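S.K.: Got a structure for you, written out below as C-alpha cells; questions coming shortly.
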Amino acid sequence: MTTHTQGRDGARTPARAPELGAGEYVGRLDWAGGSPYNVPVHGVISIAPRGLKVRLHGQKGKGIEQFRVSAHGTLRQSGAGYAGFLTTRIRYGTRPVAVFATFRDEDGSIHIDGSDYTIDMTRAAAHMGAKA
Amino acid sequence: MNAEPKAVDVVEYTGSIQFRGAKRNIPVRGYTDKTGMMITGQGIAVSIKIDLARQGDYLAGFLEISTERGAMPIAAIAKIDGNDLFIQGFEFDGHLSVVGAEA
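The listed protein sequences correspond, in order, to chains A and B.
Residues 1 to 132 (this note's numbering) make up the first sequence, in order.
Residues 1001 to 1103 (this note's numbering) make up the second sequence, in order.
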C-alpha cells in the first residue's frame, strides 16, 4: 500500500489516513542527545477524540547505569498526519517535546519524529509473532 | 485609557522550506509569538501556510500545502535555537532566521 502520492507538481503528500492500530507497541527510542543512543521502549497507543493518545516507557542498563525514558501525550490528527507534544522524561528531567507521527501501512509500524529523538515501534503482537 | 499592550514577544522570521521529494525550495516568512507560529510562503503553483502551537522553544502542528488540486495538511514540528528556527515534517525541512539576523 502506498503511504504517499506524488502529484503533477511533484509534491509528495500522505495519501490518506492509515489503518490506525490501537494497542501495544514495542520498539526503540534513538536519542540525539548522547549515549545511550538506543533505548528499548514499550508503548500503548489508543484513539482519542480528534487524535491519538501515546504513552510509552523504556529503560536500558542496570543499577547506577540505568537510563530511563518515558513519554506521554495526545497527538492531534489532520489528514494523514499526527502532531503535538509528548511530555518526555529523558535523563535531564521532564519537558514537552514537539513530535509528529507517521504510520506505515506496510507493517503497521509507527515512526515518531521529535526534535531531539526518534521512536520506531511495531505492534507488540507482530513482534511476538516474528519471535515465535 | 490604556492602549493595547504591545506584543513585544512577536519575533519575525524569514527563510525557506525544502520539499525533498519535489526538490522544491519555497521562500517563507512569518512570525512567532507566545502562543505559536504562523508562516506563509508561495512557490510555483504551491502555497503553504504553517500554523504551529508552542511550548517553550518547541512548536508542533500542521503545515497546509495548497496546490491547484486542493489543500493537504502535513504534520510538522519546529525548534527555536537562538536566532534560528528549524522546521521539519513529512518529506520536508526548513531553516528560518530572525529578520535582521540572517547570516
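We treat Cβ as the ideally placed atom computed from N, Cα and C, and that holds for glycine.
All of these numbers come straight from a predicted model, not from anything done at the bench.
Would you mind listing the beta strand (DSSP E) stretches within the stretch 1047-1072 of chain B that are 3+ residues and don't spill past its ends, in chain order?
M.R.: If we require 3 residues or more, the beta strand (DSSP E) runs fully inside the stretch 1047-1072 of chain B come out as 1058-1067.
S.K.: Taking 8 angstroms as the CB-CB limit, is A/V44 close to chain B?
M.R.: Translated into the one-based positions of the first sequence, residue 44 of chain A becomes position 44. Cβ-Cβ to chain B under 8 angstroms: no for A/V44.
S.K.: Could you spell out where the beta strand (DSSP E) holding B/I1017 opens and where it closes?
M.R.: The sequence position of residue 1017 of chain B within the second sequence is 17, counting from 1. B/I1017 -> beta strand (DSSP E) spans V1011 to F1019.
S.K.: What three-state label does DSSP hand B/A1076 in the structure shown?
M.R.: Start at 1 with the first residue of the second sequence, and residue 1076 of chain B comes out as number 76. Here B/A1076 sits in strand by DSSP.
S.K.: Count the other CB atoms, across all protein chains shown, that sit within 10 Å of the CB of B/G1100; report buried if there are 16 or more and exposed otherwise.
M.R.: Here residue 1100 of chain B refers to the residue found at position 100 of the second sequence. So B/G1100 ends up on the exposed side.
S.K.: Quick one: using the 10 Å Cβ neighbour count with 16 as the cut-off for buried, is A/T88 buried or exposed?
M.R.: As a first step, residue 88 of chain A is located in the first sequence; it is residue number 88 there, counting from the start. Buried.
S.K.: From the DSSP output, which residues share a beta bridge with A/Q66?
M.R.: Locating residue 66 of chain A in the first sequence gives position 66, counting from the first residue. In DSSP, A/Q66 forms no bridge with anything.
S.K.: Let me check one thing: in DSSP terms, what residues is B/V1099 bridge-paired to?
M.R.: Here the question's residue 1099 of chain B lines up with position 99 in the second sequence. Answer is none; B/V1099 lacks a bridge partner.
S.K.: Let's test the definition: count the other Cβ atoms within 10 Å of the Cβ of A/Y25 and tell me whether it reaches 16, buried, or not, exposed.
M.R.: Taking the first residue of the first sequence as position 1, residue 25 of chain A is located at position 25. With 16 or more Cβ atoms within 10 Å of its Cβ, A/Y25 is classed as buried.
S.K.: In angstroms with no decimal places, state the Cα-to-Cα distance between A/I47 and A/K53.
M.R.: Indexing the first sequence from 1 puts residue 47 of chain A at position 47. Indexing the first sequence from 1 puts residue 53 of chain A at position 53. One C-alpha to the other measures close to 6 angstroms.
S.K.: Would DSSP call B/F1092 helix, strand or coil?
M.R.: In the second sequence, residue 1092 of chain B corresponds to position 92, counting from 1. Strand, per DSSP.
S.K.: Could you tell me which of B/G1094, B/D1093, B/K1079 and B/G1089 sits nearest to A/A101, measuring between CA atoms?
M.R.: Translated into the one-based positions of the first sequence, residue 101 of chain A becomes position 101. Nearest option by C-alpha distance: B/G1089.
S.K.: How about A/T122 and A/D107: are their beta carbons less than 8 angstroms apart?
M.R.: Here residue 122 of chain A refers to the residue found at position 122 when the first sequence is read from its first residue. Here residue 107 of chain A refers to the residue found at position 107 when the first sequence is read from its first residue. Yes, the pair counts as a contact, with Cβ atoms nearer than the cut-off.
S.K.: Beta-carbon within less than 7 angstroms of B/E999's beta-carbon, same chain only, minus the 5 sequence neighbours each way: which residues are those?
M.R.: Summary: the structure shown does not reach residue 999 of chain B, with chain B confined to residues 1001 through 1103, and so no result is reported for it.
S.K.: Between the C-alpha atoms of B/L1063 and A/G63, what's the straight-line distance to the nearest angstrom?
M.R.: The sequence position of residue 1063 of chain B within the second sequence is 63, counting from 1. The sequence position of residue 63 of chain A within the first sequence is 63, counting from 1. Distance between the alpha carbons of B/L1063 and A/G63: 44 angstroms.
S.K.: Please name the residue, chosen from A/R50, A/K60 and A/G51, that lies closest to A/N38 on a Cα-to-Cα basis.
M.R.: Taking the first residue of the first sequence as 1, we reach residue 38 of chain A at position 38. Among A/R50, A/K60 and A/G51, the Cα nearest to that of A/N38 belongs to A/K60.
S.K.: B/S1066: which of B/G1082, B/I1048 and B/H1095 sits nearest, CA to CA?
M.R.: Along the second sequence, read from residue 1 onward, the residue named residue 1066 of chain B stands at position 66. It is B/I1048.
S.K.: From B/L1059 to B/G1094, what does the alpha carbon distance come to, in whole angstroms?
M.R.: Locating residue 1059 of chain B in the second sequence gives position 59, where the first residue counts as 1. Locating residue 1094 of chain B in the second sequence gives position 94, where the first residue counts as 1. Cα to Cα, B/L1059 sits roughly 14 angstroms from B/G1094.
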